[in-house]
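Written out below as structure tokens is the structure these notes cover.
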């Protein structure tokens, strides 16, 4: 089964009922680090640093989706200096970035340190987890939806085009050799209706769990159950490959939808950005 290379350390699949909430939050945090930084680390011309006790990814693109700080593990006494050093990483490159803070991050006062250094709170999502053995499935092909896992460059382009951003296209073009390699810890999915790409999702394997990201449906095709199907299919595939726990980050409005699939809320994850960054 796919495993991450170095970011973070390889862990075997964990079962939801066998670990504490704190351990599960740690696993979800590790998974997010793989999602945010693995392909950046594996792509020429991009870089990742863990020098300051936080994962810092810099794609070199003018898009904070691929320039992410996360998984901070700062000793409390050193935290102010570490935050300033991490921010200096992005000042040096000039890349826009976002900093994600989870309940597993340390110290507890990290948000206040980020605010003091000029960042602003942008959005908050809810971390959720599910025992894949008890996943509540529903119809996977609503309204003629065909879900295809991405194996080819052209289908990866369909995934990237969905986001209508030139830097997103550039990222997936450059990262394609890593993302489409047999040992990639990230699998991508595109949903088609009548041959038209209308939805996307991703599953990332890391930290002992399978994490769902990039669930998106074109506006004209929403409220048909497509997003639910795009979430379920990669979780079912993960279960079929021996993974036991799924995690994701849900917008507050989607928490009840995911709850109906059996996911449980773990805590909040908040994104911080420099003032002046796009909303």
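Numbering (our numbering), first residue to last: 1 to 279. Glycine is no exception: its CB is placed at the ideal position from the N, C-alpha and C atoms.
- In its chain, beyond the 5 residues on either side, 126, 128, 265 have a beta carbon closer than 8 Å to the beta carbon of residue 255.
- Taking a 10 Å sphere around the C-beta of residue 164, we find fewer than 16 other C-beta atoms and assign the residue as exposed.
- Per DSSP, residue 188 lies in no alpha helix (DSSP H); the unbroken beta strand (DSSP E) holding it starts and ends at 186-193.
- Taking each of 51, 111, 14, 93 in turn and checking the Cα distance to residue 272, the smallest one comes out for 111.
- With at least 16 other beta carbons inside 10 angstroms of its own, residue 235 counts as buried.
- Looking at the DSSP output, residue 274 shares a beta bridge with 119.
- Per DSSP, the unbroken beta strand (DSSP E) holding residue 247 starts and ends at 245-250.
- In terms of CA proximity to residue 246, 231 leads the group 52, 54, 257, 231.
- In the structure shown, the three-state DSSP call for residue 14 is coil.
- Contact annotation, residue 33 with residue 70: C-beta distance approximately 6 Å; criterion of less than 8 Å satisfied.
- Sequence-distant partners of residue 58 (beyond 5 residues in either direction) whose C-beta falls short of 6 Å from its own C-beta, in its chain, are 47, 67, 93, 95.
- Beta-bridge partners assigned by DSSP to residue 211: 204, 247.
- Close CB contacts of residue 243 within its chain, under the 8 Å cut and outside five residues either way in sequence, are with 1, 13, 132, 205, 209, 210 (chain order).
- In this structure, 89 is the residue among 89, 186, 261, 118 with its C-alpha nearest to the C-alpha of residue 52.
- DSSP places residue 144 in the helix class (H, G or I) of the three-state scheme.
- DSSP places residue 56 in the uninterrupted beta strand (DSSP E) bounded by 55-58.
- Membership of residue 93 in any beta strand (DSSP E) is not indicated; the residue belongs instead to the alpha helix (DSSP H) covering 79-93.
- Rounded to the nearest whole angstrom, the C-alpha separation of residue 168 and residue 195 is 22 Å.
- Taking a contact as a CB-CB distance under 8 Å, the pair residue 260 and residue 136 counts as one, their CB atoms being some 7 Å apart.
- Rounded to the nearest whole angstrom, the C-alpha separation of residue 28 and residue 267 is 11 Å.
- Looking at the DSSP output, residue 267 bridges to 127.
- Counting only unbroken stretches of 4 or more residues, the alpha helix (DSSP H) elements lying wholly within the region 144-170 are 153-161, in sequence order.
- Contact between residue 39 and residue 175 holds, with the beta-carbon distance rounding to 4 Å and staying under 8 Å.
- Here residue 82 is buried. Its C-beta has 16 or more other C-beta atoms within 10 Å.
- Under the three-state reduction of DSSP, residue 65 is assigned to helix.
- Residue burial is scored here from C-beta neighbours: residue 86 has at least 16 other C-beta atoms within 10 angstroms and is therefore classed as buried.
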